[in-house]
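Residue numbers (the numbering used here): 26 to 278. Glycine included, C-beta positions come from ideal geometry on N, C-alpha and C. Here the structure is a predicted model, which is why all the values come from computation and not from measurement. Right, one structure below, let's go through it.
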């Protein structure tokens with residue numbers, strides 16, 4: 026069984042949730058710095074097709090999760106070995122569970138708001154008491170950080186000496202920030218998990234298991250936030266489906 030599959034130029038993990046967690050765990054205890062994970066879904070790949078830095082960030086990720094039903098659909102239609110979706114939220118909880126049952130780990134959360142971070146702090150203590158929360162930082166809410174702001178963020182993370190840095194600034198901002206700063210960060214493993222900050226804090230609800238099993242986890246979220254998610258579902262999804270059809274035709278020729 027291959028560990029990754031090439032989908033439209035991106036090396037997406039085929040390991041499944043347990044395999045992805047094991048890889049992340051090994052990267053964290055390896056002693057190397059700056060390894061990172063990101064999530065691949067139809068919207069992110071479409072956006073990356075017109076954003077060079079975002080594309081490079083996804084292509085250079087040490088772990089690229091198949092976080093999207095569309096990725097699994099593409100895999101089936103194109104004969105690739107990506108069998109199961111691995112949501113960023115499931116990965117976060119799975120890795121946290123592994124550390125909490127073992128020797129523990131030091132976490133730093135970078136992103137979102139002070140309110141969300143406070144709720145994350147409370148839940149980490151409650152759900153994963155063996156994990157040390159060594160830092161929380163809500164960065165300025167802006168498209169681009171100044172050089173001084175960026176230096177302050179990197180310095181704060183390094184001073185806290187986390188083993189895992191979770192970044193939640195929404196895509197593609199978070200992936201690009203990790204990619205551009207990975208060599209400055211003295212952190213073994215960095216995870217771009219976006220909405221997981223809100224899900225874990227409880228400020229937003231992840232769609233129920235019912236919708237997840239149907240492969241329609243996106244639908245309730247879209248109905249709740251159509252203004253924010255319209256491009257993802259009504260623009261990127263058709264483009265991604267066109268890519269699949271085009272690739273299927275190319276393979277037949």
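If distances are taken between C-alpha atoms only, which option among the options comes closest to residue i?
{"i": "residue 284", "options": "34, 145, 182", "result": "Here the chain has residues from 26 to 278 only, and residue 284 is not among them."}
{"i": "residue 190", "options": "120, 266, 128", "result": "120"}
{"i": "residue 220", "options": "214, 228, 213", "result": "228"}
{"i": "residue 149", "options": "124, 261, 68, 196", "result": "124"}
{"i": "residue 144", "options": "270, 276, 269, 226", "result": "226"}
{"i": "residue 188", "options": "129, 67, 270, 142", "result": "129"}
{"i": "residue 222", "options": "26, 170, 268, 116", "result": "116"}
Here's the rule: buried if 16 or more other CB atoms are within 10 angstroms of the residue's CB, otherwise exposed. What is residue i?
{"i": "residue 176", "result": "exposed"}
{"i": "residue 198", "result": "buried"}
{"i": "residue 152", "result": "exposed"}
{"i": "residue 134", "result": "buried"}
{"i": "residue 200", "result": "buried"}
{"i": "residue 178", "result": "buried"}
{"i": "residue 106", "result": "exposed"}
{"i": "residue 192", "result": "buried"}
{"i": "residue 141", "result": "buried"}
{"i": "residue 234", "result": "exposed"}
{"i": "residue 218", "result": "buried"}
Got a sec: is the Cβ-Cβ distance from residue i to anything in chain B below 7 Å?
{"i": "residue 98", "result": "Here chain B cannot be found, since the structure has a single protein chain."}
Between residue i and residue j, what straight-line distance do the alpha-carbon atoms span, to the nearest angstrom?
{"i": "residue 101", "j": "residue 273", "result": "11 Å"}
{"i": "residue 186", "j": "residue 131", "result": "8 Å"}
{"i": "residue 180", "j": "residue 159", "result": "14 Å"}
{"i": "residue 103", "j": "residue 79", "result": "24 Å"}
{"i": "residue 262", "j": "residue 213", "result": "34 Å"}
{"i": "residue 216", "j": "residue 53", "result": "11 Å"}
{"i": "residue 98", "j": "residue 86", "result": "22 Å"}
{"i": "residue 211", "j": "residue 55", "result": "13 Å"}
{"i": "residue 74", "j": "residue 270", "result": "17 Å"}
{"i": "residue 276", "j": "residue 26", "result": "22 Å"}
{"i": "residue 184", "j": "residue 173", "result": "16 Å"}
{"i": "residue 170", "j": "residue 118", "result": "29 Å"}
{"i": "residue 51", "j": "residue 122", "result": "15 Å"}
Who are the Cβ neighbours of residue i in its own chain at under 7 Å, not counting the five residues just before and after it?
{"i": "residue 88", "result": "38, 45, 48, 49, 62"}
{"i": "residue 334", "result": "The structure shown does not extend to residue 334, since the chain spans only 26 to 278, so no value can be given for it."}
{"i": "residue 146", "result": "158, 161"}
{"i": "residue 76", "result": "197"}
{"i": "residue 268", "result": "33"}
Residues in the same chain with beta-carbon distance under 8 Å from residue i, minus the five sequence neighbours each way, listed in chain order, please.
{"i": "residue 126", "result": "155"}
{"i": "residue 65", "result": "32, 35, 37, 83, 89, 90, 91, 92, 93, 96"}
{"i": "residue 72", "result": "79, 196, 197, 261"}
{"i": "residue 168", "result": "198"}
In chain order, what residues of the same chain have a beta carbon less than 6 Å from the beta carbon of residue i, not counting five sequence neighbours either side?
{"i": "residue 194", "result": "136"}
{"i": "residue 138", "result": "163"}
> Is there contact between the segment 163-171 and the segment 28-43, where contact requires at least three CB pairs shorter than 8 Å?
Replying inline: The segment 163-171 vs the segment 28-43: no contact.
> Is there contact here, the segment 38-48 with the segment 111-126, by at least three beta-carbon pairs under 8 Å?
Replying inline: Yes, they touch.
>> Three or more C-beta pairs under 8 Å: does that hold for the segment 53-72 against the segment 204-213?
In response: Yes: the two stretches touch, three or more of their Cβ pairs being nearer than 8 Å.
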